[in-house]
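According to full-length UniProt numbering, the sequence shown is numbered sequentially starting from 1. All C-beta atoms in this analysis are idealised placements derived from N, C-alpha and C, irrespective of residue type, glycine included. The structure displayed is predicted, hence computed values, not measured ones. Have a look at the structure below before the remarks.
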Amino acid sequence: LDSGEQKIKLIHDRKSAYQSQALGVAPMPAPDPVALVPGPTYIEWIDAPILSSGDDSQLGYYIAIAGS
(Lines of atoms letter the chains of each structure in order from A and count residues from 1; the text may use other names and numbers.)
(Lines give C-alpha, C1' and ligand atoms only; values in the text may rest on other atoms or scores of the structure.)
Protein backbone atom coordinates (compact mmCIF):
# COMPACT_ATOMS: atom_id res chain seq x y z
CA LEU A 1 0.00 0.00 0.00
CA ASP A 2 2.87 2.31 -0.63
CA SER A 3 2.17 5.50 -2.55
CA GLY A 4 -1.52 4.58 -3.04
CA GLU A 5 -0.86 1.54 -5.25
CA GLN A 6 -1.95 -2.06 -4.78
CA LYS A 7 -0.83 -5.20 -6.56
CA ILE A 8 -3.54 -7.79 -7.14
CA LYS A 9 -3.23 -11.22 -8.76
CA LEU A 10 -6.39 -12.38 -10.57
CA ILE A 11 -7.24 -15.77 -11.99
CA HIS A 12 -9.95 -16.81 -14.44
CA ASP A 13 -12.74 -18.83 -12.80
CA ARG A 14 -14.97 -21.40 -14.46
CA LYS A 15 -18.32 -20.24 -15.88
CA SER A 16 -20.33 -22.66 -13.69
CA ALA A 17 -19.23 -20.76 -10.57
CA TYR A 18 -21.58 -17.93 -11.59
CA GLN A 19 -24.64 -20.03 -12.44
CA SER A 20 -27.08 -21.81 -10.14
CA GLN A 21 -29.43 -24.72 -10.68
CA ALA A 22 -31.27 -24.08 -7.40
CA LEU A 23 -35.05 -23.76 -7.64
CA GLY A 24 -36.77 -21.05 -5.66
CA VAL A 25 -40.20 -20.82 -4.12
CA ALA A 26 -42.81 -18.44 -5.52
CA PRO A 27 -43.31 -15.42 -3.26
CA MET A 28 -46.45 -15.08 -1.16
CA PRO A 29 -49.06 -12.68 -2.55
CA ALA A 30 -49.02 -9.20 -1.09
CA PRO A 31 -51.55 -8.60 1.71
CA ASP A 32 -54.57 -6.43 1.06
CA PRO A 33 -53.95 -2.77 1.87
CA VAL A 34 -55.24 -1.41 5.15
CA ALA A 35 -58.18 0.96 4.69
CA LEU A 36 -57.34 4.52 5.69
CA VAL A 37 -61.00 5.39 6.12
CA PRO A 38 -62.31 4.36 9.54
CA GLY A 39 -65.26 2.00 9.64
CA PRO A 40 -68.50 2.58 11.51
CA THR A 41 -68.18 3.46 15.20
CA TYR A 42 -70.83 2.63 17.76
CA ILE A 43 -71.26 4.67 20.96
CA GLU A 44 -73.45 3.51 23.84
CA TRP A 45 -74.21 5.46 27.01
CA ILE A 46 -73.90 3.26 30.10
CA ASP A 47 -76.64 3.76 32.69
CA ALA A 48 -74.88 2.36 35.76
CA PRO A 49 -73.92 3.42 39.27
CA ILE A 50 -70.40 4.76 39.88
CA LEU A 51 -67.94 2.05 38.89
CA SER A 52 -64.87 3.43 40.67
CA SER A 53 -64.51 5.40 43.91
CA GLY A 54 -62.13 7.74 42.08
CA ASP A 55 -65.06 8.89 39.95
CA ASP A 56 -67.17 9.82 43.00
CA SER A 57 -65.93 13.43 43.27
CA GLN A 58 -66.78 14.52 39.74
CA LEU A 59 -69.69 14.53 37.36
CA GLY A 60 -69.29 12.56 34.19
CA TYR A 61 -70.58 9.86 31.93
CA TYR A 62 -69.63 6.30 31.20
CA ILE A 63 -69.69 5.40 27.54
CA ALA A 64 -68.72 2.32 25.56
CA ILE A 65 -67.23 2.69 22.10
CA ALA A 66 -66.71 -0.06 19.54
CA GLY A 67 -65.65 0.10 15.94
CA SER A 68 -64.14 -1.84 13.13
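Contacting residues, own chain, Cβ-Cβ under 8 Å from Ala-48 (five flanking each side not counted): Tyr-62
Under the three-state DSSP convention, the category Ala-64 falls into: strand
Cβ-Cβ separation, Thr-41 to Gly-67 (assumed contact under 8 Å), whole Å: 4 Å
Nearest-angstrom Cβ-Cβ length linking Ile-46 and Ala-26, presumed shorter than 8 Å: Contact doesn't hold; Cβ gap of about 51 Å is too wide.
Straight-line Cα distance separating Met-28 from Pro-38: 27 Å
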